[in-house]
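The sequence shown begins at 2 in our numbering and counts up by one. Working notes, beginning with the structure itself.
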Amino acid sequence: MAESPASPAPLSLAGGGSLNGSVRVPGDKSISHRALLFGAIAEGTTRIDGLLPAEDPLSTAACLRAMGVTVSAIRAGEPVTVQGVGLDGFQEPFDVLDCGNSGTTMRLMLGLLAGRVGRHFVLSGDSSLRGRPMRRVGGPLAEMGAVIHGRKNGNFAPLAVLGARLRGTTIHTPVASAQVKSAILLAGLTADGPTTVIEPAQSRDHSERMLRAFGAELEVSGPGSTQVTLTPGRSLRGQEVVVPGDISSAAFWLVAGAITPGARLTVENVGLNPSRTGILEVLGQMGARIEVLNARDVAGEPVGDLRVSHGPLQAFEIGGDLIPRLVDEIPVLAVAACCAEGVSRIRDAAELRVKETDRLAVMARQLGAMGARIEEFDDGMAVSGVTALRGASVDSETDHRVAMSLAVAAGIASGSTTLHRPEAAAVSYPDFWNDLQRLRA
Ligand code: S3P
């Protein structure tokens, strides 16, 4: 986004007013990437309902098309079909695979391509992605025999992969990251024996659920387990995938509903996979009024509708194993903390420094410009509340989740806020600005 020649105009966001009504958030980003990738390496056709029609999954689809996979047009409200080419069907691409802003695309693709013997692939992306650490994936894959080169000793894209024979092995990952875990499991599909991944804490388990649904042999010790073993040998079969709404997108409405006076919102069809619901636990700890309605199971993932209304909030403390379960929601939780009585503390969240931006620094800077009282630590922040925010000139710094978090803050600020680079939201939620306007009307 930072590289578009003429950046769209900044957005003026009025403070005050309330939020009311129902909203259906777009499809889960993590599940959307996986449905496209697993569909591509399966035998037969995969049909995906509810795929997120946003920039990140479009990057995944474009990379797959560049390797000879037929993926139908991705349009809001229409099913997407992927014609699988099988486990060894990728053609060597003629050009660099452009992963855009998407860390999930690049990391999962590394795992998927590492075992394509004799074929050469180059992966790159926008300036944010070219600054994000990739050795966390390249290192474990190298233990399996992968050949991956990149800038700074293989840590940064552009990355070159020369497909090689892979060994099944046991890998202890240094960080709880679903992207790292998934890359290793995908590489394991073409290894010569079982691959075990052991994480320091459980990260989201969408890959495990979906790989199993596609027919892979996968063993997980139990719910919340940090150990997964994949045994290669079975071919994957095309599936019908139904993508639930993204709880990470719902989080903006949950916080907006909880902090905006008079607000009452229903967020429909939200994925409630326990490895993603940390945000609900924290909002519960804060005393937010949130109800889960119509809890159900959709194609192997728990789903429900969430009703939220405004009320008084207490400060929260989070850290440890909870962080991977709400890692993408921390920017908007910093906004919630401004409206909570007491000092909220976020610890063990150094991972935020290597997301699309350094989200600890960016939120401290941008929310700070609106009057938030934030003390930044190496691995988190302390936010003092209740603090009355004031409208200001702020910038998404090209980060989608920062853009939407600042919009939530702008709604309760006094005066109006000018948000620069709001278009970043399109990475995960292209209709966010329309939904905001509708809910505020
Ligand atoms: C994702 C995993 C998370 C998350 C990202 C999507 C995924 O990253 O922040 O937005 O789809 O696997 P890490 O697993 O690296 O923490």
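We treat Cβ as the ideally placed atom computed from N, Cα and C, and that holds for glycine.
Next item on the list: Using a threshold of 7 angstroms, state whether the C-beta atoms of residue 353 and residue 319 are closer than that.
Entry: Sequence index remark: in the sequence shown, residue 353 carries index 352 (1-based). Sequence index remark: in the sequence shown, residue 319 carries index 318 (1-based). No. Outside cutoff.
Check: Alpha carbon to alpha carbon, how far is residue 146 from residue 362?
Finding: Counted from its first residue, the sequence shown places residue 146 at position 145. Counted from its first residue, the sequence shown places residue 362 at position 361. Roughly 37 angstroms between the two C-alpha positions.
Notebook entry, point to check: How do the segment 278 to 293 and the segment 370 to 381 stand: do at least 3 beta-carbon pairs fall below 8 angstroms, yes or no?
Noted result: no
Check: For residue 118, which option in 188, 422, 134 and 223 has the closest C-alpha, if you only look at C-alpha atoms?
Finding: In the sequence shown, the residue the question calls residue 118 occupies position 117. For residue 118, the nearest C-alpha among the options comes from 188.
Note to self: Just to confirm my understanding: we take residue 228, look at its own chain, exclude 5 residues before and 5 after, and list those with CB closer than 6 angstroms. What are they?
What the structure shows: Working through the sequence shown from its first residue, we reach residue 228 at position 227. Within the same chain, residue 228 has close Cβ partners 199 and 222.
Note to self: Considering only DSSP beta bridges, list what residue 96 is partnered with.
What the structure shows: Against the sequence shown, residue 96 aligns to sequence position 95. Bridge partners of residue 96: none, in fact.
Next item on the list: Check the DSSP bridge columns for residue 150 and list the partner residues they point to.
Entry: For the purposes of this step, residue 150 is taken as residue 149 along the sequence shown, with counting starting at 1. DSSP lists 161 as the beta-bridge partner residues of residue 150.
Checklist line | Nonlocal neighbours in the same chain, by C-beta distance under 6 angstroms from residue 201, ignoring five residues either side | finding: Indexing the sequence shown from 1 puts residue 201 at position 200. Answer for residue 201: 177, listed in chain order.
Check: For the ligand S3P, any of its heavy atoms closer than 6 angstroms to the Cβ of residue 399?
Finding: Mapped onto the sequence shown, residue 399 falls at position 398. No; taking the cut-off as 6 angstroms, the Cβ of residue 399 has no heavy atom of the ligand S3P nearer than that.
Note to self: Please tell me whether, using a cut-off of 6 angstroms, the distance from the CB of residue 128 to the nearest non-hydrogen atom of the ligand S3P is below it.
What the structure shows: Translated into positions along the sequence shown, residue 128 becomes position 127. It does not: the Cβ of residue 128 is nowhere closer than 6 angstroms to a heavy atom of the ligand S3P.
Next item on the list: Take the Cβ of residue 421 as the centre, count every other Cβ of all protein chains shown within 10 Å, and call the residue buried at 16 or more, exposed below.
Entry: Position 420 of the sequence shown, counted from the start, is the residue given in the question as residue 421. Burial state of residue 421 is buried, judged by a 10 Å Cβ sphere holding 16 or more other Cβ atoms.
Check: Taking DSSP as the reference, what is the three-state secondary structure of residue 293?
Finding: The sequence position of residue 293 within the sequence shown is 292, counting from 1. Three-state DSSP puts residue 293 in a strand.
Check: When the Cβ atoms of the segment 272 to 281 are set against those of the segment 229 to 236, are three or more pairs found closer than 8 angstroms?
Finding: no
Check: Cα separation between residue 387 and residue 437?
Finding: Numbered from its first residue, the sequence shown carries residue 387 at position 386. Numbered from its first residue, the sequence shown carries residue 437 at position 436. Cα to Cα, residue 387 sits roughly 24 angstroms from residue 437.
Check: Is any heavy atom of the ligand S3P found at a distance shorter than 6 angstroms from the C-beta of residue 106?
Finding: By 1-based counting over the sequence shown, the position of residue 106 is 105. No.
Notebook entry, point to check: Is there at least one non-hydrogen atom of the ligand S3P closer than 6 angstroms to the beta-carbon of residue 204?
Noted result: The residue you call residue 204 lines up with position 203 of the sequence shown. Result yes, Cβ under 6 angstroms from the ligand S3P.
Checklist line | Cut-off 6 angstroms between Cβ atoms - residues of its own chain near residue 401, not counting five sequence neighbours on either side | finding: As a working note, residue 401 is residue 400 in the sequence shown. Once the five neighbours on either side are set aside, the close Cβ partners of residue 401 are 425, 426, 428 and 429.
Note to self: Let me confirm a value: residue 298 is counted as buried when at least 16 other C-beta atoms fall within 10 Å, else exposed. Which label applies?
What the structure shows: Taking the sequence shown and counting its residues from 1, the one referred to as residue 298 is at position 297. Flag for residue 298 reads exposed.
Check: Going by other Cβ atoms of all chains shown within 10 Å of its Cβ, with 16 needed for buried, is residue 30 buried or exposed?
Finding: Translated into positions along the sequence shown, residue 30 becomes position 29. With 16 or more Cβ atoms within 10 Å of its Cβ, residue 30 is classed as buried.
Check: In chain order, what residues of the same chain have a beta carbon less than 8 angstroms from the beta carbon of residue 355, not counting five sequence neighbours either side?
Finding: As a first step, residue 355 is located in the sequence shown; it is residue number 354 there, counting from the start. Once the five neighbours on either side are set aside, the close Cβ partners of residue 355 are 133 and 134.
Check: Is residue 329 near the ligand S3P, in the sense that its beta carbon is under 6 angstroms from a heavy atom of that ligand?
Finding: Taking the sequence shown and counting its residues from 1, the one referred to as residue 329 is at position 328. Result yes, Cβ under 6 angstroms from the ligand S3P.
Notebook entry, point to check: Helix or strand or just coil, what does DSSP make of residue 39?
Noted result: In the sequence shown, counting from the first residue as 1, residue 39 sits at position 38. Looking at residue 39 - three-state DSSP - the assignment turns out to be helix.
Checklist line | 7 angstroms Cβ shell around residue 382 - same chain, five flanking residues per side excluded | finding: Within the sequence shown, residue 382 is the residue found at index 381, counting from 1. Only 335, 347, 361, 365, 375 and 376 meet the Cβ criterion.
Margin query: Pairs of beta-carbons, one from the segment 206 to 221 and one from the segment 248 to 257, closer than 8 angstroms: are there three or more?
Written below: Touching, no.
Checklist line | Three-state secondary structure (DSSP) of residue 423 | finding: For the purposes of this step, residue 423 is taken as the residue at position 422 of the sequence shown. If DSSP states are grouped into helix, strand and coil, residue 423 belongs with the helices.
Notebook entry, point to check: Since residue 303 is in the alpha helix (DSSP H), which residue starts that stretch and which ends it?
Noted result: Here residue 303 is taken as the residue at index 302 of the sequence shown, counted from 1. From DSSP, residue 303 is part of no alpha helix (DSSP H) but of the beta strand (DSSP E) over 302 to 310.
Checklist line | Cβ contact check for the segment 98 to 114 and the segment 58 to 69: 3 or more pairs under 8 angstroms | finding: yes
Next item on the list: My understanding is that residue 137 touches residue 181, with C-beta atoms under 8 angstroms, so please give their C-beta distance in whole angstroms.
Entry: Your numbering for residue 137 matches position 136 in the sequence shown. Your numbering for residue 181 matches position 180 in the sequence shown. Confirmed, about 5 angstroms.
Checklist line | Reduced DSSP category for residue 21 - H, G, I as helix; E, B as strand; rest coil | finding: The residue labelled residue 21 in the question sits at position 20 within the sequence shown. Residue state, collapsed to three classes: strand.
Checklist line | Contact check, residue 423 vs residue 12, beta carbons under 7 angstroms | finding: Translated into the one-based positions of the sequence shown, residue 423 becomes position 422. Translated into the one-based positions of the sequence shown, residue 12 becomes position 11. With a cutoff of 7 angstroms on beta-carbon distance, residue 423 and residue 12 are scored as near each other.
Next item on the list: Give me the Cβ distance between residue 404 and residue 415, rounded to the nearest whole Å; I'm assuming they're in contact under 8 angstroms.
Entry: What you label residue 404 is simply residue 403 of the sequence shown in a count that begins at 1. What you label residue 415 is simply residue 414 of the sequence shown in a count that begins at 1. Not quite, the Cβ-Cβ distance comes to about 21 angstroms (not below 8 angstroms), so this is no contact.
Check: Do residue 178 and the ligand S3P come close, with the Cβ less than 6 angstroms from some heavy atom?
Finding: As a working note, residue 178 is residue 177 in the sequence shown. Result yes, Cβ under 6 angstroms from the ligand S3P.
Check: Can you name the start and end residues of the alpha helix (DSSP H) that residue 180 belongs to?
Finding: Counting from one through the sequence shown, the residue named residue 180 turns up at place 179. That run of the alpha helix (DSSP H) goes 179 to 189.
Notebook entry, point to check: Would you say residue 31 touches the ligand S3P, meaning its beta carbon is less than 6 angstroms from a heavy atom?
Noted result: Indexing the sequence shown from 1 puts residue 31 at position 30. At least one heavy atom of the ligand S3P is nearer than 6 angstroms to the Cβ of residue 31, so yes.
Checklist line | Residue range of the beta strand (DSSP E) that includes residue 383 | finding: In the sequence shown, counting from the first residue as 1, residue 383 sits at position 382. First-last of the beta strand (DSSP E) with residue 383: 381 to 386.
Next item on the list: Please classify residue 253: does DSSP put it in a helix, a strand, or coil?
Entry: Start at 1 with the first residue of the sequence shown, and residue 253 comes out as number 252. Correct three-state label for residue 253: helix.
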